[in-house]
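K.L.:
After the structure tokens below, expect a handful of questions from me.
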Amino acid sequence: MLILGIETSCDETSASILKIENGNLTLLSNIVASSVDLHAQTGGIIPEEAARQQLLYIIPVIKEAFKKANLSFQEFPVDKIAVTYGPGLIGSLLVGIETARTLSYIFNKELIPVNHLIGHIYANWIGKNVDQIKFPAIALVVSGGHTDLVLLKDHAKFKWLGGTRDDAAGEAFDKIGRLLNLPYPAGPVIEKLAQNGDSSIFTFPKPLIGSKDFDFSFSGLKTAVFRTVKEINRLNDKTVNNICASTQDSISKVLVEKTIKAALKFRAKSLILGGGVSANGKIRNDFAKTLKDGKIQVNMYLPETKLCTDNAAMIAAAAVFFNKAIAWKNIEPNPSLHF
Ligand code: KG4
Ligand code: ZN
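One point on numbering: in numbering that gives the first Met the number 0, the residue at position 44 of the sequence shown is 43, and numbering is uninterrupted.
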């Protein structure tokens with residue numbers, strides 16, 4: 000079976016072809032066009048601009064996904080079309096949905112609406128067998144818009160445990176980056192600068208690290224960095240590197256602590272990470288180190304870094320398990336969709 004995935008929820012336009020054979024998910028192509036350089040000029044995303052770029056990219060990106068998979072776009076030999084229907088920016092979502100709807104109608108293919116957040120989790124199944132990751136599993140979705148802990152009892156049995164009360168982890172990276180005059184998106188830049196920084200110079204809060212629930216809160220961290228930046232008259236490179244290291248350290252410690260707590264409580268066999276922030280090397284290492292300490296016996300799964308940020312492969316992968324088709328006439332975007 001071949002699935003065409005389409006993802007256009009924010010500033011990435013992506014199309015992918017995924018093959019499912021004998022229960023194995025094999026990626027044939029995953030094309031991602033990003034308008035991030037455009038948004039870097041304004042320090043953040045202007046939704047209308049993002050939607051216009053989606054319109055420019057969508058057809059070439061889909062055609063390229065077929066070409067890369069050695070398939071003919073005209074013959075359209077895929078079995079299903081999976082598309083993100085939320086959460087995201089309404090204008091951006093509509094571009095993917097309208098394209099998927101049209102292709103479904105013209106080529107008479109099943110259309111499967113996919114929740115973007117579930118897609119981030121299922122990025123972990125790409126390149127694996129459907130049964131490889133064991134349940135119960137704890138998933139941490141950390142992206143620009145979300146920080147959520149989810150219990151997976153089985154493929155279609157999800158329970159949301161908690162999430163951020165204010166800023167998401169990626170949003171905190173991006174907003175703190177703005178305070179430090181770093182380019183957008185700041186997450187990867189902060190990671191790089193932190194490598195030359197010392198995290199012991201500044202001590203920033205680690206909000207809700209010891210709370211009983213599975214909630215997160217990162218706006219206090221942003222305020223603490225804001226105050227520190229205000230107090231320092233002139234920021235030099237060394238100070239910026241140190242602030243980056245402490246910021247990253249605080250975010251990583253909170254994410255690791257809370258996720259491990261959930262894994263212990265629900266006796267998870269697997270621990271799954273997904274979303275743009277899970278591309279962060281320090282966070283990946285901190286998780287690995289904690290598991291090595293032997294406090295908990297659990298298998299950890301991380302998507303390869305290019306599958307952490309937004310992509311259509313993860314949407315096709317989620318559609319293997321969440322495979323309820325919808326008539327092309329009935330699909331609608333849901334910008335505030337959650338778990
Ligand atoms: O999953 P994603 O591509 O889009 C959303 O669904 O939001 O995540 C984008 C977010 C941005 O906030 C970006 O700064 C952050 O992920 N990010 C990172 C890294 N790479 C991307 N944050 C920290 N370290 C990274 N290496
Ligand atoms: Zn995302």
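Even for Gly, the Cβ is constructed at its ideal location relative to N, Cα and C.
1) Beta carbon of residue 358, beta carbon of residue 279: below 8 Å?
2) Output the distance between the C-alpha atoms of residue 63 and residue 73, rounded to the nearest integer angstrom.
3) Measuring from the CB of residue 33, is there a heavy atom of the ligand ZN at a distance below 7 Å?
4) Beta carbon of residue 38: closer than 7 Å to some heavy atom of the ligand ZN?
5) Is it buried or exposed for residue 328, if we count other Cβ within 10 angstroms and need 16 for buried?
6) So residue 252 and residue 208 are supposed to be a Cβ contact under 8 Å. How far apart are they, rounded?
7) Could you tell me the alpha carbon to alpha carbon distance between residue 317 and residue 220, rounded to whole angstroms?
8) Going by CA-CA distance only, name the one from 172, 66, 95 that's closest to residue 42.
9) Are there 16 or more other CB atoms within 10 angstroms of the CB of residue 0, so buried, or fewer, so exposed?
10) Give the DSSP-derived three-state secondary structure of residue 265 in the structure shown.
11) Report the rounded CA-to-CA distance for residue 350 versus residue 160, giving the unit in angstroms.
12) Rounded to whole angstroms, what's the CA-CA distance from residue 6 to residue 231? Just pull it up for me.
13) Can you pull the DSSP bridge partners for residue 195?
14) Going residue by residue through the region 192-259, where are the continuous alpha helix (DSSP H) segments of at least 4 residues, counting only ones entirely within it?
15) Considering only heavy atoms of the ligand KG4, does any lie closer than 7 Å to the CB of residue 185?
16) Kindly indicate which residue of 2, 204, 179, 202 has the alpha-carbon position closest to the one of residue 192.
17) Assign residue 336 to one of three DSSP states: helix, strand, or coil.
18) From which residue to which residue does the beta strand (DSSP E) around residue 46 run?
19) Three or more C-beta pairs under 8 Å: does that hold for the region 291-300 against the region 97-116?
20) Collect the residues with a C-beta less than 5 Å away from any heavy atom of the ligand ZN and give them in sequence order along the chain.
21) Taking DSSP as the reference, what is the three-state secondary structure of residue 157?
22) Measure how close the beta-carbons of residue 246 and residue 189 come, nearest whole angstrom, since I'm counting them as under 8 Å.
23) Per DSSP, which one or two residues make a beta bridge with residue 77?
24) Note the first and the last residue of the continuous beta strand (DSSP E) segment covering residue 14.
P.N.:
Looking at the atomic coordinates:
1) This structure leaves residue 358 out entirely; the chain is present only between 0 and 338.
2) 12 Å
3) no
4) no
5) exposed
6) 7 Å
7) 33 Å
8) 172
9) exposed
10) coil
11) The structure shown does not extend to residue 350, since the chain spans only 0 to 338, so no value can be given for it.
12) 42 Å
13) None; residue 195 has no bridge partner.
14) 218-230
15) yes
16) 179
17) coil
18) First-last for residue 46: 46-67, but that is the alpha helix (DSSP H), not the beta strand (DSSP E).
19) no
20) 142, 309
21) strand
22) 6 Å
23) According to DSSP, which records beta bridges pairwise, residue 77 is partnered with nothing at all.
24) 11-20
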